[in-house]
Structure formats: structure tokens, C-alpha cells
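Have a look at the structure below, then the notes.
In my numbering, the protein residues as written are 2 to 272.
As C-alpha cells, this is what we get:
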């Protein structure tokens, strides 16, 4: 996942390059959603980033805030196009777009809850259900961060998520911090980026600021970066071991350690 808030910048192109740096995390499909202050536009399809997007696609994805995703299925793949992210949700007449890295172990229960509320779903993914649930709760609370918190209380399992409204970018992690998520800043204060791995910062010239904390909700908008604790962090952090041994790129940094160095140290201890 790669999100950007950067008024005055070519946001869709920044996301394109960020997703290219994160292509190793998922090769089934790719998608980008952007907001221009009034509406959200999304383009997604099955395939690699370079197969899904061309110059004309990026030219039509205009806006100052956006989020992108490359997908690796961790459960029932279903229809690959319908499962492609970002997924859309609605808060009244306002569109939101959500990207999710992880797996909700109670996804079926959430889908059933939504169907009982007569909220339609196009796919079988837990990620689309998450977008619709956040939209539902936000219509009740009238505050998006409260809607996110209510949804986080329902979610069980691993999730690092980002979503955009037409005007802002939100990011949040599960209380155990199972999947990584980091905040970076673009040069000359041009804006902020959030990514699954820090290797995506390098390709757009961004500087690492900090990791999004477990249970934390971060909003990036015209007022800058605003954070609050959505849920209390778990007593013991539980970053997935697959990040260090399989998923992450060697030049990424997680929990303050370079993945390359962590793998070398694991090998040394096992030797």
C-alpha cells in the first residue's frame, strides 16, 4: 500500500512509483484512487503495476490525495477483478476508498452483519467489507475517525489500512501491529506519504518520519498530521515473522532494523 497527501504534486505518479517499489508484496492486481477535494476516482485491474497503468491513466487520475495497492490473496481469491483494491465505500453521498494489508479472521461475520443491514457487497473479500463497515459506522457517528474506531473494535486479525476521502488520507493499524505501516515526508514540505515498507519512500525522495503505532489512527490533511489512539496497543507487539523472512524487501526498515541486517543476524544465529 502507498498513500499520498501532497497538494501541488503529481499524486497519481508518486503512487505509481511507490507501488512499483512495493510490487513484491502482491502481483495479482493493482489499483490507485485519488481525491480532488470534491470526488474520488479509482482505476484498478488485474496484473502488475506496469500492466494496469499507462500515461493516459495517470493523467486522468488527478487530485492532491490518493492511495494505491498491489494485491496478494491470503484467502479465497474469488473474482480477481472484484477483489482488486482500493475498495469503495460511502458516507452518505461522499465516497471513500480503502486499501488493506492483512486478513480479518472474522471477515465472514462482518459480511453477514453488512448483509443484515442491507449493505451490498460486490466481492467476497474482507477488505471491501471493512470499507463498507467504516462507512456505515461513520454515518452513525458523523465523524470518520469515530467510525474507524468503531470498525476497529469489530475487526479481528491483521490489518494495516489506509483510506482516502476527497480531502484527506487516513491510516491505522491493528493493536498487535501485525502488518507494517510507516509515515514519510516529501522534500521541501510538499506533503506526506504512508507506505507498507520504507523502501517505497526512497523512489519518491521521501524521508522516513516514524512507524504508525499499533492501534493508532493517523489523519493527513490540510492541517498536517493528526494522530489519536483508536484502540489500546496489545501488551506484546506481534509483527508477522513472514515480513522479516519473506515479504519485505531487504532495503526496508522495520521496527528500527534493516531487513537485510535482520536476515543476516537470523542466519548467523542459526549457523
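Beta carbons: idealized from backbone N, C-alpha and C, even for Gly.
Keep in mind it's a predicted model, so treat the numbers as computed, not measured.
- The region 47-61 makes contact with the region 19-33: 3 or more CB pairs, one atom from each, lie closer than 8 Å.
- Contact annotation: residue 247 and residue 5 have beta-carbon atoms that are not nearer than 9 Å.
- Pairwise C-beta distances place the region 128-147 in contact with the region 79-93, as three or more of them are shorter than 8 Å.
- Shown here, residue 95 sits in a strand according to DSSP, grouped into three states.
- Beta-bridge analysis with DSSP links residue 209 to 185.
- Residue state for residue 75 is assigned as coil, using DSSP reduced to three classes.
- Distance from the CA atom of residue 81 to the CA atom of residue 33, rounded to whole angstroms, is 16 Å.
- The count of Cβ pairs closer than 8 Å, one atom from the region 230-240 and one from the region 209-218, reaches three, so the stretches are in contact.
- Assignment of alpha helix (DSSP H) within the region 127-199, counting only whole runs of 4 or more residues, yields 127-142 and 145-155 in chain order.
- In the structure shown, residue 253 adopts coil according to DSSP, grouped into three states.
- For residue 102, the secondary structure class from DSSP, reduced to helix, strand or coil, is strand.
- In the assembly as shown, residue 111 is a buried residue. Its beta-carbon has 16 or more other beta-carbons within 10 Å.
- In the DSSP assignment, the residues bridged to residue 34 are 43 and 68.
- Looking from the CA of residue 243, the closest CA among 28, 251 and 237 belongs to 251.
- In the structure shown, residue 229 adopts extended strand secondary structure according to DSSP, grouped into three states.
- In the three-state reduction of the DSSP assignment, residue 217 falls in the strand class.
- In this structure, 164 is the residue among 238, 261, 164 and 190 with its C-alpha nearest to the C-alpha of residue 3.
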